[in-house]
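Novice: 5 is the number of the first residue of the sequence shown in my numbering; add one for each residue after it.
Below is the structure I would like to discuss, written out as structure tokens.
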Amino acid sequence: MTTAIAPTIESPVLVLNQNYQPLNICSARRALVLMGRGKAELIINGRGNVRSASAIFPLPSVVRL
5 MTTAIAPTIE
15 SPVLVLNQNY
25 QPLNICSARR
35 ALVLMGRGKA
45 ELIINGRGNV
55 RSASAIFPLP
65 SVVRL
């Protein structure tokens with residue numbers, strides 16, 4: 005029997021530059037911080053959502069700076 009592993013806040017996220025070229029891989033936590041500060045935009049949300057007490061945030065798979 006196989007079990008699916010749920011995506012976590014520490015899941016890897018691909019970081020792209022302005023020209024959509026790969027730059028780095030960071031954690032989903034870091035990607036959410038970059039998105040919150042307006043430094044990155046969500047390109048692909050393939051992992052569901054992260055819930056807080058007052059908001060729901062998409063858990064990114066790919067972000068662009």
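Quick reminder that beta carbons are idealized off the backbone N, C-alpha and C, glycines included.
(1) What does a CB cutoff of less than 7 Å around R51 pick up in its chain, not counting 5 residues either side in sequence?
(2) With burial defined as no fewer than 16 other Cβ atoms inside 10 Å of the residue's Cβ, what is the status of A35: buried or exposed?
(3) Looking at R41 and I13, is the spacing between their C-beta atoms short of 8 Å?
(4) Need the endpoints of the alpha helix (DSSP H) that L18 sits in, please.
(5) Identify whether L27 lies in helix, strand or coil by the three-state DSSP scheme.
Specialist: In brief:
(1) In the sequence shown, counting from the first residue as 1, residue 51 sits at position 47. So the list reads P11, S15, L63 and S65, once near-sequence residues are dropped.
(2) In the sequence shown, residue 35 corresponds to position 31, counting from 1. Buried: at least 16 other Cβ atoms inside 10 Å.
(3) As a first step, residue 13 must be located in the sequence shown, where it is residue number 9. As a first step, residue 41 must be located in the sequence shown, where it is residue number 37. Contact flag unset, no.
(4) Residue 18 sits at position 14 when you count from the first residue of the sequence shown. No alpha helix (DSSP H) holds L18; the beta strand (DSSP E) holding it covers P16 to L20.
(5) Here residue 27 refers to the residue found at position 23 of the sequence shown. Residue state, collapsed to three classes: strand.
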